[in-house]
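Asker: Reminder that position 609 of the sequence shown reads as 609 in full-length UniProt numbering, one-by-one numbering, no gaps.
All C-beta atoms in this analysis are idealised placements derived from N, C-alpha and C, irrespective of residue type, glycine included.
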Amino acid sequence: MSSGHRKRRIEEGNSSDDDDDYEPYVPLKERKKMELQKKEKLLKRKTTLEKKEEKDTKKSLENDEGQFSAPVPNVSLLDQHSELKKIAEAVKETHYDKQLKEEEKILESIAERKALMAVGEIAKGIVYTESIKTGWKPPKYVLSMPKEKFEKVRRKWHILVEGSDVPPPLKSFKEMRFPRPIINALKKKGIVHPTPIQIQGLPAVLMGRDMIGIAFTGSGKTLVFILPIIMFSLEQEKALPFEKNEGPFGLIVVPSRELARQTYEVITYLSRALDAEGYPTLRTSLCIGGSSIKDQAETMKRGVHMVVATPGRLMDLLNKKILTLDMCRYLVLDEADRMIDMGFEEDVRTIFSYFKFQRQTLLFSATMPKKIQNFAKSALVLPVTVNVGRAGAANLDVIQEVEYVKQEAKIVYLLECLQKTTPPVLIFAEKKKDVDDIHEYLLLKGVEAVAIHGDKDQEEREHAIQGFRQGIKDVLVATDVASKGLDFPDVQHVINFDMPEDIENYVHRIGRTGRCGKTGIATTFINKSCDESVLLDLKHLLIEAKQKIPPVLAALQADNEEYLELGDERGCAYCGGLGHRITECPKLEAMQSKQAGNIGRRDYLAHGSADW
1 MSSGHRKRRI EEGNSSDDDD DYEPYVPLKE RKKMELQKKE KLLKRKTTLE
51 KKEEKDTKKS LENDEGQFSA PVPNVSLLDQ HSELKKIAEA VKETHYDKQL
101 KEEEKILESI AERKALMAVG EIAKGIVYTE SIKTGWKPPK YVLSMPKEKF
151 EKVRRKWHIL VEGSDVPPPL KSFKEMRFPR PIINALKKKG IVHPTPIQIQ
201 GLPAVLMGRD MIGIAFTGSG KTLVFILPII MFSLEQEKAL PFEKNEGPFG
251 LIVVPSRELA RQTYEVITYL SRALDAEGYP TLRTSLCIGG SSIKDQAETM
301 KRGVHMVVAT PGRLMDLLNK KILTLDMCRY LVLDEADRMI DMGFEEDVRT
351 IFSYFKFQRQ TLLFSATMPK KIQNFAKSAL VLPVTVNVGR AGAANLDVIQ
401 EVEYVKQEAK IVYLLECLQK TTPPVLIFAE KKKDVDDIHE YLLLKGVEAV
451 AIHGDKDQEE REHAIQGFRQ GIKDVLVATD VASKGLDFPD VQHVINFDMP
501 EDIENYVHRI GRTGRCGKTG IATTFINKSC DESVLLDLKH LLIEAKQKIP
551 PVLAALQADN EEYLELGDER GCAYCGGLGH RITECPKLEA MQSKQAGNIG
601 RRDYLAHGSA DW
């Protein structure tokens with residue numbers, strides 16, 4: 001067939017079946033181009049529709065608002081205003097809903113999946129459904145009172161409780177049925193009436209209930225777990241005396257050596273008061289780093305009723321089988337959120353694995369965000385949460401003063417600040433080097449000062465604390481090692497040489513003054529080197545405590561100021577800071593970055609070891 005005929009056939013069209021099915025070949029490049037154009041058209045159409053919908057919604061809202069924009073006959077201006085307000089709130093509500101949903105997703109993603117329980121219990125699927133039974137009961141006349149009276153007491157002392165079958169609050173140590181020597185020993189220390197946390201916390205613990213205790217610093221949390229542990233140990237000793245290598249019955253774990261020694265001294269004081277009145281002798285062991293492990297092992301061999309320990313030394317003793325928890329039925333984690341949240345989590349998990357039977361577990365702190373409370377509840381059986389004030393709130397007996405001081409002027413300005421009150425004064429600094437520099441400067445200026453931080457040996461630390469407590473030294477300079485739980489009843493002034501990186505540490509630091517109902521002053525130096533998110537948390541903490549806000553903090557504004565309070569939750573659900581929400585939490589971001597870094601590092605190391 002000639003080329004002219006072929007050309008004509010193509011132009012006129014082919015009438016045969018084969019020619020009807022014919023599709024001309026399109027190169028791959030052209031096909032991709034056509035597909036891309038098709039997708040672009042679809043996307044353009046979708047975007048146009050979305051914009052139209054948005055425009056219609058906006059128009060609808062404007063119409064709704066517009067219908068009342070001018071005076072409407074027979075409708076009052078007040079009614080028009082309330083209608084407009086409802087429309088505005090409906091639009092705002094959608095933003096709140098979005099924020100809450102986003103926060104729920106974040107909380108869900110960081111929720112702890114592993115229960116804080118012994119490995120054996122998890123493996124065997126052991127679940128305890130009932131609290132430990134004790135021989136203690138409230139007086140009959142208290143039990144016969146109406147529940148409304150208990151609620152009235154709780155309201156009066158601002159005690160918030162969560163949990164089922166919460167024991168009644170008791171307003172005196174006599175009602176709690178403590179023996180006369182204990183009540184007299186407390187009186188000698190000026191403790192006549194229980195504090196709010198003790199009013200509700202002691203009955204709960206004495207009844208054998210697991211508990212989370214949250215109260216501001218200096219509120220008397222220590223006695224809530226010390227008095228019951230002494231009574232339970234006394235009961236055990238009376239029923240069947242402890243022999244060699246037996247015990248402990250109760251274990252108290254704290255984050256720092258100084259806090260461990262302080263707790264040990266309180267237990268020893270009360271135990272001796274009982275011993276002097278003819279009660280059985282109770283033995284307590286202090287297990288901390290920096291002191292002889294041999295001496296601690298000797299104490300264990302004699303049999304002990306109670307052990308106060310720091311996590312590191314406790315793990316060492318458990319691994320070497322010097323200490324066993326076969327008989328232990330009472331576990332306290334003091335400053336629990338700091339241990340779980342700041343690196344001791346794995347140690348705490350391992351400690352739980354050494355228990356052979358159910359134990360009564362108590363967790364205490366001044367700052368315990370919801371995230372930690374929910375995580376801790378996995379270790380507790382029918383827990384009672386006793387909360388005096390908001391978790392992480394500052395002590396209202398402390399006057400908080402925040403001053404803008406340039407970095408280079410801080411150390412010189414310290415001398416002026418020391419004139420605000422009479423000694424003793426506590427100075428906190430973030431870095432060990434700053435502690436040493438401040439200590440040296442104060443000594444050169446003739447100030448009777450001592451210093452403690454993690455690099456100093458145990459003997460030096462104990463000597464410094466003792467000198468400060470006894471009034472021989474006027475000033476104690478320290479890192480945050482001295483901010484957790486340590487009790488210095490007469491400290492009138494705390495100076496923060498620098499703002500801590502964490503608002504929780506700030507609350508703990510200033511809580512070293514204004515204790516047991518006394519008032520105190522906390523002075524904090526800030527400057528442009530401070531992280532803005534921590535300063536926002538500080539600003540809102542000062543607002544909550546009705547303190548004076550310095551202009552430098554007043555000028556700070558959060559990006560999402562209107563979202564700082566959503567639903568029942570104020571501030572951040574992760575760290576408890578009031579100046580941001582969990583969506584902007586720097587602590588959570590740092591934790592996630594650290595975890596991501598560790599995953600990459602572990603993979604790299606594992607890969608490397610395989611090659612070797």
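Considering only residues of the same chain and omitting the five flanking positions on each side of residue 515, which have a CB-CB separation below 7 Å?
Answerer: Position 515 of the sequence shown holds residue 515. Around residue 515: 218, 487 and 489.
Asker: How far does the alpha helix (DSSP H) with residue 150 in it extend, from its first residue to its last?
Answerer: Position 150 of the sequence shown, counted from the start, is the residue given in the question as residue 150. It spans 147 to 156 - the alpha helix (DSSP H) in which residue 150 sits, taken as one unbroken run.
Asker: Could you please give the first and the last residue of the uninterrupted beta strand (DSSP E) stretch that includes residue 291?
Answerer: As a working mapping, residue 291 is identified with position 291 in the sequence shown. No beta strand (DSSP E) holds residue 291; DSSP gives it neither H nor E.
Asker: Determine the DSSP secondary structure at residue 481, reduced to helix, strand or coil.
Answerer: Along the sequence shown, one-based indexing puts residue 481 at 481. Helix.
Asker: Run through DSSP, which three-state label would residue 540 get?
Answerer: Here residue 540 is taken as the residue at index 540 of the sequence shown, counted from 1. Correct three-state label for residue 540: helix.
Asker: Three-state secondary structure (DSSP) at residue 363?
Answerer: Position 363 of the sequence shown, counted from the first residue, corresponds to residue 363. If DSSP states are grouped into helix, strand and coil, residue 363 belongs with the strands.
Asker: Per DSSP, residue 400 forms a beta bridge with which residues?
Answerer: Taking the first residue of the sequence shown as position 1, residue 400 is located at position 400. Paired residue(s): 522.
Asker: Which residue from 196, 41 and 333 puts its Cα closest to that of residue 226?
Answerer: Translated into the one-based positions of the sequence shown, residue 226 becomes position 226. Nearest C-alpha to residue 226: 333.
Asker: Using CA coordinates, which residue listed in 264, 187, 364 and 431 is at the minimum distance from residue 455?
Answerer: Position 455 of the sequence shown, counting from 1, holds the residue named residue 455. Nearest C-alpha to residue 455: 431.
Asker: Just curious, the beta strand (DSSP E) that residue 413 is in, first and last residue?
Answerer: As a working note, residue 413 is residue 413 in the sequence shown. Here residue 413 belongs to no beta strand (DSSP E); instead the alpha helix (DSSP H) covers 410 to 417.
Asker: Between the alpha carbons of residue 221 and residue 82, how many angstroms are there, rounded?
Answerer: Locating residue 221 in the sequence shown gives position 221, where the first residue counts as 1. Locating residue 82 in the sequence shown gives position 82, where the first residue counts as 1. Those two C-alpha atoms are separated by around 49 Å.
Asker: DSSP state of residue 467, grouped into three classes?
Answerer: Taking the sequence shown and counting its residues from 1, one reaches residue 467 at position 467. Looking at residue 467 - three-state DSSP - the assignment turns out to be helix.
Asker: Starting from residue 508, trace the beta strand (DSSP E) both ways and give me its first and last residue.
Answerer: Locating residue 508 in the sequence shown gives position 508, where the first residue counts as 1. Where residue 508 is concerned, there is no enclosing beta strand (DSSP E), although the alpha helix (DSSP H) it sits in stretches over 503 to 510.
Asker: Between the Cα of residue 316 and those of 407, 287, 460 and 78, spot the shortest distance and give me the residue it belongs to.
Answerer: Here residue 316 is taken as the residue at index 316 of the sequence shown, counted from 1. Residue 287 is the option with its Cα nearest to residue 316.
Asker: With H, G and I counted as helix, E and B as strand and the rest as coil, what does DSSP make of residue 64?
Answerer: Here residue 64 refers to the residue found at position 64 when the sequence shown is read from its first residue. No answer about residue 64 holds up, because its pLDDT of 49 lies below 50 and its placement is not dependable.
Asker: Starting from residue 334, follow the beta strand (DSSP E) in both directions and report where the run begins and ends.
Answerer: Mapped onto the sequence shown, residue 334 falls at position 334. Segment 330 to 334, the beta strand (DSSP E) holding residue 334.
Asker: Residue 209 by DSSP, collapsed to three states: which one?
Answerer: Numbered from its first residue, the sequence shown carries residue 209 at position 209. Three-state result, residue 209: coil.
Asker: Just how far apart, CA to CA, sit residue 198 and residue 305?
Answerer: Stepping through the sequence shown from its first residue, residue 198 is reached at position 198. Stepping through the sequence shown from its first residue, residue 305 is reached at position 305. Rounded to whole angstroms, residue 198 to residue 305 spans 23 Å at the Cα level.
Asker: State the Cα-Cα distance for the pair residue 156 and residue 135, rounded to the nearest angstrom.
Answerer: The residue you call residue 156 lines up with position 156 of the sequence shown. The residue you call residue 135 lines up with position 135 of the sequence shown. Their backbone Cα atoms lie some 29 Å apart in a straight line.
Asker: Applying the criterion that 16 or more other CB atoms from any shown protein chain within 10 Å of the CB defines a buried residue, is residue 4 buried or exposed?
Answerer: Taking the first residue of the sequence shown as position 1, residue 4 is located at position 4. Only weak support is given to the placement of residue 4: the predicted model assigns it a pLDDT of 49, under 50, and the value that follows is read from those uncertain coordinates. Flag for residue 4 reads exposed.
Asker: Going by DSSP in three states, residue 130 sits in which element: helix, strand or coil?
Answerer: Here residue 130 is taken as the residue at index 130 of the sequence shown, counted from 1. Three-state result, residue 130: coil.
Asker: Mark residue 587 as exposed unless 16 or more other C-beta atoms lie within 10 angstroms of its C-beta, in which case mark it buried.
Answerer: By 1-based counting over the sequence shown, the position of residue 587 is 587. Classification of residue 587: buried, given that the 10 Å Cβ count is 16 or more.
Asker: Counting pairs of Cβ atoms below 8 Å between the segment 170 to 180 and the segment 191 to 207, do you hit three or more?
Answerer: A contact exists between the segment 170 to 180 and the segment 191 to 207.
Asker: Among the candidates 323, 168 and 251, whose CA atom is the shortest distance from the CA of residue 244?
Answerer: Numbered from its first residue, the sequence shown carries residue 244 at position 244. The option with the nearest alpha carbon to residue 244 is 323.
Asker: By DSSP's criteria, residue 285 is part of a beta bridge. Which residues make up the other side?
Answerer: As a working note, residue 285 is residue 285 in the sequence shown. Per DSSP, 307.
Asker: For residue 191 versus residue 223, is the C-beta spacing smaller than 9 Å?
Answerer: If you number the sequence shown from 1, residue 191 lands on position 191. If you number the sequence shown from 1, residue 223 lands on position 223. Yes. Within cutoff.
Asker: DSSP beta-bridge partners for residue 387?
Answerer: Here residue 387 is taken as the residue at index 387 of the sequence shown, counted from 1. DSSP lists 160 and 214 as partners of residue 387.
Asker: How far does the alpha helix (DSSP H) with residue 225 in it extend, from its first residue to its last?
Answerer: Counting from 1 along the sequence shown, the entry for residue 225 is found at position 225. First-last of the alpha helix (DSSP H) with residue 225: 221 to 239.
Asker: What is the DSSP secondary structure of residue 439, reduced to helix, strand or coil?
Answerer: The sequence position of residue 439 within the sequence shown is 439, counting from 1. Helix at residue 439.
Asker: Nearest by alpha-carbon distance to residue 480: which of 435, 319, 29 and 536 is it?
Answerer: Working through the sequence shown from its first residue, we reach residue 480 at position 480. Residue 435 is the option with its Cα nearest to residue 480.
Asker: Taking 8 Å as the cut-off, does the segment 120 to 132 touch the segment 206 to 214 (at least 3 CB pairs, one atom from each stretch)?
Answerer: Short answer: they touch.
Asker: If you draw a straight line from the alpha carbon of residue 64 to that of residue 504, how long is it in whole angstroms?
Answerer: Start at 1 with the first residue of the sequence shown, and residue 64 comes out as number 64. Start at 1 with the first residue of the sequence shown, and residue 504 comes out as number 504. The pLDDT assigned to residue 64 is 49, lower than 50, so where the model puts this residue is not dependable; a value taken from the coordinates is nonetheless given after this. Cα to Cα, residue 64 sits roughly 47 Å from residue 504.
Asker: Report yes if the CB atom of residue 397 is closer than 9 Å to the CB atom of residue 518, and no otherwise.
Answerer: Against the sequence shown, residue 397 aligns to sequence position 397. Against the sequence shown, residue 518 aligns to sequence position 518. Going by C-beta atoms, residue 397 is nearer than 9 Å to residue 518.
Asker: I'd like the list of long-range same chain contacts for residue 405, defined as Cβ closer than 8 Å, with 5 residues on each side in sequence excluded.
Answerer: Along the sequence shown, read from residue 1 onward, the residue named residue 405 stands at position 405. Contacts found: 413, 525, 526 and 527.
Asker: Between the alpha carbons of residue 499 and residue 532, how many angstroms are there, rounded?
Answerer: On the sequence shown, position 499 is the one that residue 499 refers to. On the sequence shown, position 532 is the one that residue 532 refers to. Using only the alpha carbons, I get a separation of about 11 Å.
Asker: Just grab the DSSP bridge partners of residue 252 for me.
Answerer: Taking the first residue of the sequence shown as position 1, residue 252 is located at position 252. 308 and 332.
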